[in-house]
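First residue of the sequence shown? That's -17 in this note's numbering, and the numbers climb one at a time after it.
Structure first, commentary second.
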Amino acid sequence: MHVAIGADGVPFERDDTATAYLVSFLNLLNKVQSCNENHLFMGANSAEDTTSMKCYTKHLVKELELIEGAKLTTEQGHMEEFRFHCMKWLLSISGELNNCAIYFSPFANVNQTDKTTIGDSIGARPEATSQPWDYKKRILVAEKVTKFKVKFRDPEGKQSRVDLAKAEPLHNTSNAWQQWFSALLTMATQYTDQAKLRTATVVSDLPNSSPLVAFVKCVQETMKCGRLCNSFNWWFGEKKKKGISFSNRFTGLESMGFSWNFGYLIKELLQIEKLSRGSALKLHSLVFSGLQIRDAAAIYSRVEVSKQQLDNAT
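As C-alpha cells, this is what we get:
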C-alpha cells in the first residue's frame, strides 16, 4: 500500500494560518483519484512552522517508522505493507525531480544553496545571480536524461507507476478569481467617501449607501462567501489602520461562488453614482475576463478535452 503523508497550510480563521495533515492512498489502479482516497487526520489552528507543529511532525515520523515495512493484516484477512511517500509523489513516482531537488526551479538555475542569499536576482543580465534556463539546452538535457534512464529500467517495465497524470486546476482557478476580486474591491473602495473611510473603525460605521458597504453586503448575502466577508471585516477593523493591504487566499468555495454569481458584483458597482466612463469600461472588461475564467475552469477541470472546446475558449 503506497501512502503519501504531508502537511499543508489552509486558509482558516482570521489569520489564515491553520495547518492540515493529510494522508493520500496512491494505489488507485485504473481510476481517477478523488476525495475518497484523501483524508484529513490532523488539523491545528496554527502555522506550519510553529513549535507545536514541529513537535507533532517529529512524533509522526517515529510512528511512520514503526508502521513502514511491518506486515499488517486487515479485517478481511489481507496482508498489507505500507510504503510512505512525500506529498510530491506524482513527480517522484513519475521519475521527475520535485521542489526538494538541488536545482528545484524549472525557470532558472536557482539552487538550494543560494536561494536564501539576500540581494539575489534572476534575469538575463550578466550581473544577475541566477539566469533563466536556455530552453533549447533544456530540451537536449531532457533527451540525454531519457536515454540515461533506459539503462536503469528493468525488462518488465515495472518502474512505470503512472500511466496518465493530470494537474489539479483548483489553485489556478482560485488565484484567478482572487486577482479578479481585488480589482473590484479597489474600485469599490475608491468610490467610497475617503474622509468617512479614514475615520471608520469597522465597516458598519460607513453609511449603507456607500459603494463599499453595498459591495461587501453583496459578497456575503448574494455571493454566499461568508468567509471572505468575515476576513475583510476583520482586516478593516484590525489591519487597515496599520497600513496593511487586504489579502485573502481564495478556496474552492469562493471560486465556485464567483463562477456562478460574479455578475452580481459587477451589477452592484455599475449602480455607483458618478461612475466615470473609464471605470464603466473597466467593469465591462472584467465581465469578459470573468467569463473567460469561468469557461477556462470548466474546460481544464475535465479529464478529457476536445479540440473544439479549446477553440471555443480562444
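Yeah, the Cβ is synthetic: ideal placement off N, Cα and C, and Gly gets one too.
Supposed close pair Ile(-13), Leu46 - CB separation, criterion 8 Å
7 Å
query: What is the DSSP secondary structure of Ala(-11), reduced to helix, strand or coil?
result: For Ala(-11), the three-state secondary structure derived from DSSP is strand.
> Among residues of its own chain, excluding the 5 on either side of Arg209, which ones have a beta-carbon nearer than 8 Å to its beta-carbon?
Replying inline: Pro(-7), Thr233, Leu235 and Glu236
(request) Spell out the partners DSSP gives Arg65 in its beta bridges. (result) His(-16)
- Task: Using 10 angstroms around the beta-carbon of Leu292, count the other beta-carbons present and answer buried if the total reaches 16, otherwise exposed.
- Result: exposed
Review point. To the nearest whole angstrom, what separates the beta carbons of Ile84 and Asn93, a pair I think is in contact under 8 Å?
Key: 5 Å
query: Excluding five sequence neighbours on each side, which residues of the same chain lie with their C-beta closer than 7 Å to the C-beta of Asn243?
result: Thr204 and Met205
* Asked: In three-state terms, what does DSSP make of Ser227?
  -> coil
How close, in whole Å, do the beta carbons of Ile248 and Leu268 come, if the pair is a contact with beta carbons under 8 Å?
Rounded, the Cβ-Cβ distance is 7 Å, consistent with contact.
| query | With which residues is Ala26 paired in a DSSP beta bridge? | reply | Thr1
Counting pairs of beta carbons, one from the segment 223 to 230 and one from the segment 276 to 283, are three or more of them closer than 8 Å? no
Checklist entry - Roughly how many angstroms separate the alpha carbons of Asp31 and Gln161, rounded to a whole number? => result 27 Å
Margin query: Taking the straight line between their C-alpha atoms, what separation do you get for Gly245 and Ile275?
Written below: Near 13 Å, if we compare the C-alpha coordinates of Ile275 and Gly245.
My output table needs one value for Arg284: the three-state DSSP class, helix, strand or coil. Note: Arg284 maps to coil in three-state DSSP.
_Given this structure, state the Cα-to-Cα distance separating Val123 from Thr98, to the nearest angstrom._
27 Å
* **According to DSSP, residues forming a beta bridge with Lys53** => The partner list for Lys53 (beta bridge, DSSP) reads Glu63.
request  = With DSSP collapsed to three states, give me the class of Asn215.
outcome  = helix
Discussion item. Pull the bridge partners of His266 from the DSSP assignment, please.
Written reply: The partner list for His266 (beta bridge, DSSP) is empty, contrary to what the question assumes.
Candidates Ala0, Gly(-9), Thr(-1) and Leu22: closest to Ser6 by CA position: Leu22
| Does the distance from the CB of Pro193 to the CB of Ala170 come in under 9 Å? | yes
Requested in this report: Assign Asn20 to one of three DSSP states: helix, strand, or coil.
Outcome: strand
query = What do you get for Tyr173, buried or exposed, if any count of 16 or more other CB atoms within 10 angstroms of its CB means buried?
reply = buried
For this session: Report all residues from its chain with a CB closer than 6 Å to the CB of Met24; omit the five preceding and five following residues, and keep chain order.
Result: Tyr3
- request: Below 8 Å CB to CB, which residues in the same chain sit around Val287 once its five sequence neighbours on both sides are set aside?
  value: Ile281
Let's test the definition: count the other Cβ atoms within 10 Å of the Cβ of Gly139 and tell me whether it reaches 16, buried, or not, exposed. Summary for Gly139: the model assigns pLDDT 49, below 50, so the residue's position carries little reliability; its value from the coordinates is reported in the next sentence. By the neighbour-count definition (other C-beta atoms within 10 Å, threshold 16), Gly139 is an exposed residue.
Tell me which residues share the same chain as Val(-15) and place their Cβ nearer than 8 Å to its Cβ, disregarding the 5 neighbours each side in the sequence. Val5, Ser6, Phe7, Leu8, Phe64, Arg65, Phe66 and His67
Self-check item: Straight-line gap, Leu188 to Phe270 (C-alpha atoms, nearest Å)
Solution: Rounded to the nearest angstrom, the two C-alpha atoms are 31 Å apart.
*Cα-Cα, which of Ala(-11), Ala0 and Met(-17) is closest to Arg231?*
Ala0
- prompt: So is Glu250 buried or exposed if we call it buried at 16+ other beta carbons inside 10 Å?
  reply: With 16 or more Cβ atoms within 10 Å of its Cβ, Glu250 is classed as buried.
Exercise. Please state if the CB of Thr56 and the CB of Glu50 are separated by a distance shorter than 9 Å.
Key: no
| task | Reducing DSSP to helix, strand and coil, say where Pro108 ends up. | result | Collapsing the DSSP output to three states places Pro108 in coil.
Could you spell out where the alpha helix (DSSP H) holding Val127 opens and where it closes? Tyr117 to Val132
Taking Ile248 as part of the alpha helix (DSSP H), name the residues at either end of that continuous run. Gly234 to Leu252
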